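Asker: For reference, the structure I am asking about is given below.
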Amino acid sequence: MNILIETERLILRELEYTDENDLFEMDSGPEVHLFIENNPVKSIDEIQKAIKMLKEQYVENGIARWAVVDKLSNECIGWSGLKYFNEQINNHKNFYELGYRFKKKHWGKGFATESSIAVLNYGFKNLGVDTIFAIADPNNVNSKKVLTKLGFQFQETFDYEGDPTDWFELKKTIWENK
Ligand SMILES: CC(C)(COP(=O)(O)OP(=O)(O)OC[C@H]1O[C@@H](n2cnc3c(N)ncnc32)[C@H](O)[C@@H]1OP(=O)(O)O)[C@@H](O)C(=O)NCCC(=O)NCCS
């Protein structure tokens, strides 16, 4: 199924190969990658591989990060969505994790929060899960602010492939009573 969700200012849909220039613009930005491995993308080839991987996840898991499109300009400004993890991380397995990433020029406009609200509604209503998780670099203040606004609660800092990483969770009951 090709999911399409509309919010006040945004459209959320599956990522396509035609998004490659927008994703390259976003992922070649050093600030965007500061707290996510700090290794900005250098070629469009890397973006094409990433889109291929996401398309495989749509088929295998029914869901993955979604393109976030500005309704007014039709520009793909970034992505937001749930990734299904079937490997063990921080003693958890088979769970959905919220993630988001936007072009630097679109930070500070509330797009991460607006798109994530739609993603979480979809997760809790359509996927039937009790808890959605999130992880962030402890120094990623912007991301942690978004998570806190959404109702995520910090659980602990754990070792993720050698890096201290903050682990958050959001329970369906908390989401529904916000
Ligand atoms: C993490 C990231 C997505 C956060 O983006 P963001 O734009 O700061 O987050 P929001 O969408 O919640 O926008 C927040 C700001 O928009 C402002 N804003 C402006 N117009 C708004 C509106 N109409 N509605 C809501 N907020 C609005 C808010 O006041 C808020 O500012 P504040 O943080 O100073 O209070 C962004 O920094 C990013 O892409 N980082 C790189 C990738 C990354 O680190 N991803 C997370 C990995 S864990």
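Take the position in the sequence shown, starting the count at 1, then add 7; the result is the number in my numbering. All C-beta atoms, glycine included, are put in the ideal place defined by N, C-alpha and C. Note that the structure is predicted; figures quoted are calculated from it, not measured.
Does the segment 96-108 come within contact of the segment 127-140, defined as at least 3 CB pairs closer than 8 angstroms?
Answerer: The answer is yes - the segment 127-140 touches the segment 96-108, with three or more Cβ pairs under 8 angstroms.
Asker: Does the distance between the C-beta of K116 and the nearest non-hydrogen atom of ligand 1 fall short of 7 angstroms?
Answerer: yes
Asker: Three or more C-beta pairs under 8 angstroms: does that hold for the segment 55-72 against the segment 83-90?
Answerer: Touching, per the Cβ criterion.
Asker: State the beta-bridge partners of T172 as determined by DSSP.
Answerer: Beta-bridge pairing links T172 to F165.
Asker: Looking only at C-alpha atoms, which of L19, N28, H40 and M33 sits nearest to D144?
Answerer: H40
Asker: Which residues does DSSP pair with R16 in a beta bridge?
Answerer: Answer by DSSP bridge pairing: none, since R16 is not bridged.
Asker: DSSP state of I58, grouped into three classes?
Answerer: Reduced to three states, the DSSP call for I58 is helix.
Asker: Under DSSP, the alpha helix (DSSP H) around I124 begins and ends at which residues?
Answerer: Segment F118 to N133, the alpha helix (DSSP H) holding I124.
Asker: Can the beta-carbon of L17 be found closer than 8 angstroms to that of K78?
Answerer: In this structure, K78 lies closer than 8 angstroms to L17 by Cβ.
Asker: Indicate, with yes or no, if ligand 1 has a heavy atom lying under 7 angstroms from the CB of V4.
Answerer: Residue 4 cannot be examined here, being either before or after the span of the chain that is shown, 8 to 185.
Asker: Can you tell me the Cβ-Cβ gap for I10 and E21, rounded? I've got them flagged as a contact below 8 angstroms.
Answerer: 6 angstroms
Asker: Are there 16 or more other CB atoms within 10 angstroms of the CB of D170, so buried, or fewer, so exposed?
Answerer: exposed
Asker: R108 to V48, Cα distance in whole Å?
Answerer: When rounded, the distance between both Cα atoms is 14 angstroms.
Asker: Starting from D34, trace the alpha helix (DSSP H) in both directions and tell me its first and last residue.
Answerer: E27 to D34
Asker: Tell me the DSSP bridge mates of G106?
Answerer: G88
Asker: Tell me which residues share the same chain as N133 and place their Cβ nearer than 8 angstroms to its Cβ, disregarding the 5 neighbours each side in the sequence.
Answerer: none
Asker: On the three-state DSSP scale, how would you describe L177?
Answerer: strand
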